[in-house]
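First the structure, in the form of structure tokens, and then the observations on it.
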Amino acid sequence: MHPLLHTKDNVGCEEVMYALEACHARGFLYSALNGCADAKRDLNKCLRAARLARTRENYEKTKEKNIKVKSAWADIDANS
Numbered sequence: 391m392h393p394l395l396h397t398k399d400n401v402g403c404e405e406v407m408y409a410l411e412a413c414h415a416r417g418f419l420y421s422a423l424n425g426c427a428d429a430k431r432d433l434n435k436c437l438r439a440a441r442l443a444r445t446r447e448n449y450e451k452t453k454e455k456n457i458k459v460k461s462a463w464a465d466i467d468a469n470s
């Protein structure tokens with residue numbers, strides 16, 4: 391598996407990654423004849439879910455940060 395996939399963000403998908411690696415280890419012919427299609431689909435679903443969770447979390451953090459920034463600017467404008 392690509393080394394960049396094994397990161398702290400994708401810890402929940404490691405089991406699926408190892409299943410795909412094991413499938414690919416069965417040989418080229420098995421993989422070429424769509425033997426690993428289910429494992430690949432499962433990995434894509436897992437990685438997508440992880441990415442969407444990170445996106446949702448980052449959106450919430452950004453929303454909170456923007457509220458703080460607007461509040462700070464409002465205080466600056468009120469005091470100047």
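Heads up: the sequence shown begins at 391 in our numbering, then just goes up one per residue.
Beta carbons are placed, not taken as given, at the ideal position from N, Cα and C, and that holds for glycine.
#1: From residue 436 to residue 456, what distance separates their C-alpha atoms?
#2: Is the stretch 393-409 touching the stretch 423-439 in the sense that three or more CB pairs, one from each, lie closer than 8 Å?
#3: Looking at the structure shown, is residue 416 part of a helix, part of a strand, or coil, going by DSSP?
#4: Does the separation of the CB atoms of residue 432 and residue 409 fall below 9 Å?
#5: Mapping DSSP to helix, strand and coil, what is residue 448?
#6: What does the Cβ neighbour count give for residue 459, buried or exposed, with the cut at 16 atoms within 10 Å?
Considering the structure as presented:
#1: 30 Å
#2: yes
#3: coil
#4: yes
#5: In this structure, residue 448 counts as helix in the three-state DSSP scheme.
#6: exposed
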